[in-house]
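**Q** Supplied in structure tokens, the structure appears directly below.
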Amino acid sequence: MEFTDVVRTTGAVRRFTDEPVPDETLARVFDNARFAPSGGNRQGWHVVLARSAEVRTRLRELSRAGWEEYAAYATAGHVPFAPGEDGRWQGPGADVDFAAPAPRNKFVDELERAPVVAVLAVDLRQLAVTDGDLPRQSVVGGASVYPFAQNVLLSARNEGLGGVLTTFLCRREAEVKELLGLPSPYAVAALLTLGVPERHPRKLTRRPVPEFVTFDRFDGAGLPAPEK
0 MEFTDVVRTT GAVRRFTDEP VPDETLARVF DNARFAPSGG NRQGWHVVLA
50 RSAEVRTRLR ELSRAGWEEY AAYATAGHVP FAPGEDGRWQ GPGADVDFAA
100 PAPRNKFVDE LERAPVVAVL AVDLRQLAVT DGDLPRQSVV GGASVYPFAQ
150 NVLLSARNEG LGGVLTTFLC RREAEVKELL GLPSPYAVAA LLTLGVPERH
200 PRKLTRRPVP EFVTFDRFDG AGLPAPEK
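Using numbering that gives the first Met the number 0, read the sequence shown as starting at 0 and increasing by one per residue.
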């Protein structure tokens with residue numbers, strides 16, 4: 000595929016056919032994804048492919064628990080787990096009802112049926128967290144792992160596959176680490192599911208360039224959009 004076609008059509012795919020993904024195809028996906036940038040080129044990521052039914056079922060259960068928390072915040076009208084005005088998450092608000100039944104999430108409830116279920120972990124010792132002492136929630140560490148995750152999705156799209164990244168599983172990190180035997184320096188960064196999509200998203204909707212690229216200041220003039 001042409002590069003522009005890949006980046007413009009790699010949408011979140013949550014529904015897959017039953018067609019298996021050959022290991023050779025997976026190897027090509029990760030072989031391309033590994034060229035993602037990371038701080039100091041330390042490449043601290045590790046991917047665990049869940050093959051056994053027992054592991055997949057447990058990952059679905061743990062993801063469901065994270066989804067239920069997420070849904071409770073959304074139902075209360077909040078951006079789930081978003082930091083407050085001070086830049087830090089203040090914990091659950093009094094108006095969040097965790098006892099209320101969460102709406103059904105077909106993707107999570109059928110997670111183990113995805114052709115490829117992959118847990119993305121990262122060695123925290125390899126992250127240059129240059130904003131760790133700032134009085135707000137840290138974001139810099141993710142720059143050394145999530146470009147790799149996006150490369151996985153882009154490479155999968157190039158192979159005719161689809162996929163999606165979710166982080167519900169991260170809410171149950173201790174259980175995930177025990178399940179997968181992750182060493183103590185590692186953190187759970189995401190869950191990736193891949194497969195042959197039932198259908199690719201027909202059209203992705205994103206903000207136009209002038210809305211998020213400005214000159215000199217945040218409120219500066221926007222960079223004009225490219226000519227069609």
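Yeah, the Cβ is synthetic: ideal placement off N, Cα and C, and Gly gets one too.
Since this is a predicted model, take the numbers as computed values, not measurements.
Distance check for Phe214 and Arg206, CA to CA, integer angstroms please.
**A** Each residue's alpha carbon lies about 17 Å from the other.
**Q** Helix or strand or just coil, what does DSSP make of Asp122?
**A** Reduced to three states, the DSSP call for Asp122 is strand.
**Q** Which residues bound the beta strand (DSSP E) around Trp44?
**A** From DSSP, the beta strand (DSSP E) with Trp44 extends over Trp44 to Leu48.
**Q** Taking only the alpha-carbon atoms, compute the straight-line gap between Glu1 and Pro146 and give it to the nearest angstrom.
**A** Taking the straight line from one Cα to the other gives about 20 Å.
**Q** Could you please give the first and the last residue of the uninterrupted alpha helix (DSSP H) stretch that includes Ala101?
**A** Note, Ala101: premise wrong, no alpha helix (DSSP H); not H, not E.
**Q** For a minimum of 3 consecutive residues, which ranges assigned as the beta strand (DSSP E) are wholly contained in the segment 134–174?
**A** Entirely contained in the segment 134–174, the beta strand (DSSP E) runs reaching 3 residues are, in chain order, 161–165.
**Q** Less than 8 Å separating the beta-carbons of Val20 and Ser154?
**A** Taking 8 Å as the Cβ cut-off, Val20 and Ser154 do not qualify as a contacting pair.
**Q** Does the separation of the CB atoms of Trp66 and Asn104 fall below 8 Å?
**A** Against a cut-off of 8 Å, the Cβ pair of Asn104 and Trp66 comes out as a contact.
**Q** How many Å lie between Pro91 and Arg170 at the Cα?
**A** If you take the alpha carbons of Pro91 and Arg170, they lie about 13 Å apart.
**Q** Any C-beta of chain B sitting closer than 8 Å to the C-beta of Val212?
**A** The chain labelled as chain B is not found in the depicted structure, where only one protein chain is given.
**Q** Does Val78 pass the burial test, meaning 16 or more other C-beta atoms within 10 Å, or should it be called exposed?
**A** With fewer than 16 Cβ atoms within 10 Å of its Cβ, Val78 is classed as exposed.
**Q** Would you please state the rounded distance, in angstroms, between the beta carbons of Ala32 and Val116? I believe it to be under 8 Å.
**A** Rounded, the Cβ-Cβ distance is 16 Å, inconsistent with contact.
**Q** Enumerate in chain order the residues of its own chain whose CB-to-CB distance from Asp94 is below 6 Å, with the five nearest sequence positions on each side excluded.
**A** So the list reads Ala75, once near-sequence residues are dropped.
**Q** So, for Gly131: in the same chain, excluding its five sequence neighbours on each side, which residues have a beta-carbon less than 7 Å away from its beta-carbon?
**A** Around Gly131: Ser137.
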